[in-house]
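> Quick one: this structure, given as structure tokens, is what I'll be asking you about.
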Amino acid sequence: MSRKELLNPAGLRVDGRRATDIRRISCKPSVLSQADGSAYIEQGNTKCLAAVYGPREPRQKSAILHNRANISVGVSFAPFATSERKKWSKSDKRLLEIASFVKQTFEPVIQTTSFPRSQIDIFLQILQFDGGTIQICINATTMALVDAGIPMNDYVCACTAGVIQNVPILDLNLIEESSDSPEVTVAILADSEKVTLLQSESRLDVDSFQAVAQLAKIGCKEIRNVMDAALRKNIKDLFGKMEAKIKTDQSADFRLGLNLSRRLENFKAGPIIRSAVNGVRYTHIAILSGHQNLGGK
Amino acid sequence: MSSYVLPGDSIPLNLILLPGEPDPKLILGPGLIRQDEDSAMSTKAGIPHSNETERKWFVESNQRRYVPSAGEDVLGIITAKTSEYYRVDIGAAHAAVLDSLAFEGVTRRSKPNLKVGTLIYAQISEANKDIDAELTCINPATNRADGYGVLDKGYIYMIKCSLGLCRRLRNEEHPIWTRLRQKYKFEVIVAVNGRICLKSNSARATIETIEIANAIKEHDV
């Protein structure tokens, strides 16, 4: 049985990336309507869903802190997340460890002193696992907390880095993690670039440590740019949805769900209008009240 | 000023000292903390607003959880009852406290006997991050009910939405209201804690109020 080369002579890794390429990231905040804040993030094939509730009444009296909010993190893996179906128990040591890393990372960042004696619950679920659990949990938590409007001093971005054949590599996937490559996870604050988490379980010699940690910081900044863009777009869409434009001919056109316009049968549905306002493109059905023409394309 | 800020972004304050003013006083509203002499840092995601002549800055953001603040009108549901007060859920981190005697024209003998699950409209009389918020069903300015109190006449329907939407819906001229006004007759209370209460008088009108509620919810984010 031939062993896959983790880094071939042409400088490509098992999934075709170069040593310093991060995996493709796509992220989206506000995905759950019932949570105070939520986010879904995919880094390569690793997928994570985060939900934040709070600040709210603590469930256990023992968890009440008199001068700040208690942050409680719960991490779970879906049974279909790994290549073999496995039911994970709630108190699996590995999951509790990841949860405690996330909690430690966010404790200095969230303004917990504004909400004494309350609890902020963060629930993370990994839907598909391909390496990089801690980093994706931290990134998903950041987006969900910003979505929930919980005041924070900055936001946190995390990335992993390792070494293969003396070459520092960025963003390890599952195959690289399971090999004998050392792995370091670094989480930094986006603006000040201060490190809030530095974690490693493997052996890494101190001479390469500097290069690996620096590379991880660079990876964090790249991830930060993607999350930043997604969060700003989300706020823009949010405030765009809340504004309603009133045209001079007094027919209001604003975004309505299609179900709603079907229910209001007494209104005359106008033409479907595609327009761009403030750079946000949207399609909607204009509700006319006697006006036939609503020009514009 | 950039149009959107995220937690950690700096906002320049551009403080111009007036003659004879050693220490400029400024008011930082929700979502901002002082970073250094000339800038504030945003702690929430949203749109920054400022009034430079009055030296007020704040970040307009949206969230679903309410943070109690004195003087605001809230809709709450009674969750527990003791001899002295009721515990009311207002969608904040903790339940608020409503004194049993904080109603208009009430004495120790004629206390209203409210059940758990009752919907009330009250004003927050005291709010502090270290203690539970206190509610009152009397308008402190006039010492009369003025609309506060128990909502139990007719058919009541309460929906929850985000705080940003509620703030905008408090404007009577919002396009949603002008649209719905043309078709339906209804009574609505928009509270700042993310709850809207619709009232109707007949069973038939209840169906219409549910339509209105769904219209509002779909407009939410």
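Going down the list, the protein sequences come from chains A and B.
At position 167 of the first sequence (counting the first as 1) the number is 167 in the working numbering, and the numbers step up by one without a gap.
At position 198 of the second sequence (counting the first as 1) the number is 1198 in the working numbering, and the numbers step up by one without a gap.
Even for Gly, the Cβ is constructed at its ideal location relative to N, Cα and C.
1. Quick one: grab the DSSP three-state call for aspartate 78 of chain A.
2. So, for threonine 1209 of chain B: in the same chain, excluding its five sequence neighbours on each side, which residues have a beta-carbon less than 6 Å away from its beta-carbon?
3. Looking at chain B, which residues of the region 148 to 166 of chain A have a Cβ within less than 9 Å of any of its Cβ atoms?
4. Which residues, taken in chain order from the region 1169 to 1198 of chain B, show a beta carbon closer than 8 Å to some beta carbon of chain A?
5. Compare the C-beta of proline 108 of chain A against all C-beta atoms of chain B and say whether one is closer than 9 Å.
6. Answer yes or no: does any C-beta atom of chain A fall closer than 9 Å to that of glycine 1117 of chain B?
7. Chain B beta carbons: is any one of them nearer than 9 Å to that of arginine 232 of chain A?
8. Let me see if you follow: with CB-CB separation under 9 Å, is proline 1019 of chain B close to chain A or not?
9. According to DSSP, simplified to helix, strand and coil, what is valine 301 of chain A?
10. Indicate the three-state DSSP secondary structure (helix, strand or coil) for asparagine 1143 of chain B in the structure shown.
11. Can you give me the Cβ contacts of leucine 1075 of chain B inside the same chain, cut-off strictly under 6 Å, excluding the 5 residues immediately before and after it?
12. Drop a sphere of 10 angstroms on the beta-carbon of serine 30 of chain A, count the other beta-carbons inside from all chains shown, and report buried for 16 or more, exposed for fewer.
13. Could you list which residues in chain B have their beta carbon closer than 7 Å to that of isoleucine 235 of chain A, in chain order?
14. Among the residues of its own chain, which have a CB less than 8 Å from the CB of proline 151 of chain A, if the five just before and after it don't count?
15. Consult DSSP for histidine 1049 of chain B and reduce its assignment to one of helix, strand or coil.
16. Taking all protein chains shown into account, decide if histidine 1094 of chain B is buried (16 or more other Cβ within 10 angstroms of its Cβ) or exposed.
17. Let me see if you follow: with CB-CB separation under 9 Å, is aspartate 1130 of chain B close to chain A or not?
18. Rounding to the nearest angstrom, what Cα-Cα distance links arginine 1087 of chain B and isoleucine 1124 of chain B in this structure?
19. Kindly indicate the opening and closing residues of the alpha helix (DSSP H) around threonine 105 of chain A.
20. Give the secondary structure of phenylalanine 123 of chain A by DSSP, where H, G and I count as helix, E and B as strand, and everything else as coil.
21. Could you tell me whether the Cβ atoms of glycine 1149 of chain B and glutamate 1104 of chain B are closer together than 9 Å?
22. Assign phenylalanine 106 of chain A to buried or exposed, taking buried as 16 or more other Cβ atoms, counted over all protein chains shown, within 10 Å of its Cβ.
23. What's the gap between the Cα of arginine 24 of chain A and the Cα of serine 38 of chain A?
24. If we cut at 9 Å on Cβ distances, does valine 1097 of chain B have a partner in chain A?
25. Is serine 76 of chain A close to chain B, meaning its C-beta is less than 9 Å from at least one C-beta of that chain?
Per the coordinate set shown:
1. Translated into positions along the first sequence, residue 78 of chain A becomes position 78. Per the sequence presented here, residue 78 of chain A reads as alanine, with aspartate not at that position. In this structure, alanine 78 of chain A counts as coil in the three-state DSSP scheme.
2. Position 209 of the second sequence, counted from the start, is the residue given in the question as residue 1209 of chain B. The answer, listed in chain order, is Tyr1157, Phe1186, Leu1198 and Ser1200.
3. Under the 9 Å Cβ criterion, the region 148 to 166 of chain A contributes Ala148, Gly149, Ile150, Pro151, Met152, Asn153, Asp154 and Tyr155.
4. If the cut-off is 8 Å between Cβ atoms, the region 1169 to 1198 of chain B has His1174, Pro1175, Ile1176, Thr1178, Arg1179, Gln1182 and Lys1183 near chain A.
5. Working through the first sequence from its first residue, we reach residue 108 of chain A at position 108. Output row for proline 108 of chain A: interface = no.
6. Position 117 of the second sequence, counting from 1, holds the residue named residue 1117 of chain B. Cβ-Cβ to chain A under 9 Å: no for glycine 1117 of chain B.
7. The residue given as residue 232 of chain A occupies position 232 in the first sequence. Yes - at least one Cβ of chain B is within 9 Å of the one on arginine 232 of chain A.
8. The residue labelled residue 1019 of chain B in the question sits at position 19 within the second sequence. Not one chain A Cβ lies under 9 Å of proline 1019 of chain B.
9. This structure gives no information on residue 301 of chain A, because the portion of chain A shown stretches from 1 to 297.
10. Position 143 of the second sequence holds residue 1143 of chain B. Asparagine 1143 of chain B: coil per DSSP, three-state reduction.
11. Mapped onto the second sequence, residue 1075 of chain B falls at position 75. So the qualifying residues of the chain are Tyr1121, Ala1191, Arg1195 and Cys1197.
12. As a position in the first sequence, residue 30 of chain A is number 30, starting the count at 1. A residue is called buried once 16 or more other Cβ atoms fall within 10 Å of its Cβ, and serine 30 of chain A is buried on that count.
13. Along the first sequence, read from residue 1 onward, the residue named residue 235 of chain A stands at position 235. Using a Cβ-Cβ cut-off of 7 Å, isoleucine 235 of chain A is close to Tyr1004, Ala1045 and Gly1046 of chain B, given in chain order.
14. Residue 151 of chain A sits at position 151 when you count from the first residue of the first sequence. Same-chain partners within the cutoff: Ile110, Gln111 and Ser114.
15. Locating residue 1049 of chain B in the second sequence gives position 49, counting from the first residue. Residue state for histidine 1049 of chain B is assigned as strand, using DSSP reduced to three classes.
16. Mapped onto the second sequence, residue 1094 of chain B falls at position 94. So histidine 1094 of chain B counts as buried.
17. For the purposes of this step, residue 1130 of chain B is identified with residue 130 of the second sequence, where counting begins at 1. Put simply, the CB of aspartate 1130 of chain B is near chain A, with a gap under 9 Å to one of its CB atoms.
18. On the second sequence, residue 1087 of chain B is found 87 positions in, with the first residue counted as 1. On the second sequence, residue 1124 of chain B is found 124 positions in, with the first residue counted as 1. Between the C-alpha atoms of arginine 1087 of chain B and isoleucine 1124 of chain B there is a straight-line separation of about 13 Å.
19. Here residue 105 of chain A refers to the residue found at position 105 of the first sequence. Segment 93 to 106, the alpha helix (DSSP H) holding threonine 105 of chain A.
20. Counted from its first residue, the first sequence places residue 123 of chain A at position 123. Three-state result, phenylalanine 123 of chain A: strand.
21. Mapped onto the second sequence, residue 1149 of chain B falls at position 149. Mapped onto the second sequence, residue 1104 of chain B falls at position 104. Taking 9 Å as the Cβ cut-off, glycine 1149 of chain B and glutamate 1104 of chain B qualify as a contacting pair.
22. Walking along the first sequence from the start, residue 106 of chain A turns up at place 106. Phenylalanine 106 of chain A is buried by the Cβ-count criterion.
23. If you number the first sequence from 1, residue 24 of chain A lands on position 24. If you number the first sequence from 1, residue 38 of chain A lands on position 38. If I take the Cα positions, the gap works out to 21 Å.
24. Against the second sequence, residue 1097 of chain B aligns to sequence position 97. Closer than 9 Å: no.
25. Counting from one through the first sequence, the residue named residue 76 of chain A turns up at place 76. No, because no Cβ of chain B sits closer than 9 Å to the Cβ of serine 76 of chain A.
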